[in-house]
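According to mature numbering (1 follows the signal peptide of the UniProt record, and there is no 0), the sequence shown holds residues -29 to -1, 1 to 222 in order. For reference, the structure is listed below as structure tokens.
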Amino acid sequence: MSSAKQLRWLPLARTALVIALGLPLFANASPACLTENFDSAAAPALPTGWTSSVITTTGTNAPAGTRAVGYADSGTNAVWFDDYNDYADASLYSPVYAVGAVGSPSLTFVHSYTLWTADASAQYNGANNGAVLEVAINGGAYVDVVDAGGSFSAGGYNVALDPNFRSPIAQTTPYTRAVWGGDSSGFGATTVVVPPSALAGTVQFRWRLGTLGGGRGFATHSGWWIDSVQYETLGDVIFHDDFEGGVPCPH
Ligand SMILES: [Ca+2]
């Protein structure tokens, strides 16, 4: 073999060696996909393992976080948050998901939002009603998925809260926060890569909507509609055996 041919084959031999050494490390790294389309249980019930909560200052007539029929990405059902016409802090909670030890686990869901926002005059500087995704890692406190180290690969936040109105989900000083707000013009997918600090642990997601007013009746499909949730992990999941050996989510 000439010296030129030896040089050409050297990288291939090195690649083969890396693959051979790598196989034992990733032999158990099979993808697993958990899906929830909210179509199996009778509305307004949520599927097993899913819960919701609503906190309002007025106490009554706040159906946010319930499940409705008729406007959906998959099947006939989606989870619906009312674009409530007063102060409300409403949440939908996923089951606790195990996170593999390797790879980049991700959460994808399809949502539609039409949320009240005041006009664009100088007095108003952003969205009034806004929606976010939060995560609790290893049973800890809920924090915004971006603040926790997650990153949107599609469909991230599109606007900030108006600091003049102090949304119930705003941070303090200043009273703003990146959110989904305004009108999404129909369903679209959001994908977030799970914070790396959750690897080999657990995550629980919280879809959260804060409202101040306006809202109801603003549009045909007012509110926040969540559907077609896919949680995908890659790696050796040590907490729940039923996560192992699955198939990847459809992409
Ligand atoms: Ca559905």
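Note that the Cβ used here is the ideal one computed from N, Cα and C, for glycine as well. Every value quoted in this text rests on a predicted model; they were computed, and no experiment measured them.
Along the chain, where does the beta strand (DSSP E) containing S199 start, and where does it finish? G194 to L205
If the criterion is Cβ atoms closer than 9 Å, does the pair V81 and G159 meet it? yes
Return yes when at least one heavy atom of ligand 3 lies under 8 Å from the C-beta of D118, else no. Only ligand 1 can be found as ligands here, which leaves ligand 3 out of the picture.
Cut-off 6 Å between Cβ atoms - residues of its own chain near L86, not counting five sequence neighbours on either side: D54, N100 and G152
At a cut-off of 8 Å, is T47 close to ligand 1 when judged by its beta-carbon and the heavy atoms of the ligand? yes
Got a sec: does ligand 1 put a non-hydrogen atom nearer than 8 Å to the Cβ of F9? yes
Just mark N109 as buried or exposed, buried being the case when its beta carbon has 16 or more other beta carbons within 10 Å. exposed
Can you list, in chain order, the residues of its chain whose CB lies under 6 Å from that of A169, leaving out five sequence neighbours each side? V70 and I108
Would you tell me roughly how many angstroms separate the C-alpha atoms of R148 and L132, rounded to the nearest one? 5 Å
Should T182 go down as buried or exposed, given a rule of 16 or more other Cβ atoms within 10 Å for buried? buried
Once DSSP output is grouped into helix, strand and coil, what is the label at S155? coil
Mapping DSSP to helix, strand and coil, what is A131? strand
Enumerate, from N- to C-terminal direction, the unbroken beta strand (DSSP E) stretches of 3 or more residues contained entirely within the segment 65 to 105. 77 to 85
Tell me the rounded alpha-carbon separation between P219 and A171. 18 Å
Please identify the residue among Y42, I140, P167 and Y64 whose C-alpha is closest to the C-alpha of G120. P167
For A49, report the span of its beta strand (DSSP E) as first-last. N48 to F52
From this set, T173, A98, G194 and G111, which residue's C-alpha is nearest P66's C-alpha? T173
Presumed contact (8 Å Cβ cut-off) between L78 and V150, rounded CB distance: Their Cβ separation, rounded to whole angstroms, is 17 Å, which puts L78 and V150 out of contact at 8 Å.
A43: buried (16+ other C-beta within 10 angstroms of its C-beta) or exposed? buried
Quick test of your reading: N56 and G194, contact by CB under 8 Å. State the CB separation rounded to the nearest angstrom. No, N56 and G194 are not in contact; Cβ-Cβ is about 11 Å, not under 8 Å.
Starting from P2 and walking both ways along the beta strand (DSSP E), at which residues does that stretch end? P2 to E7
By the 10 Å Cβ neighbour count, where 16 or more other Cβ atoms means buried, how is G97 classified, buried or exposed? buried
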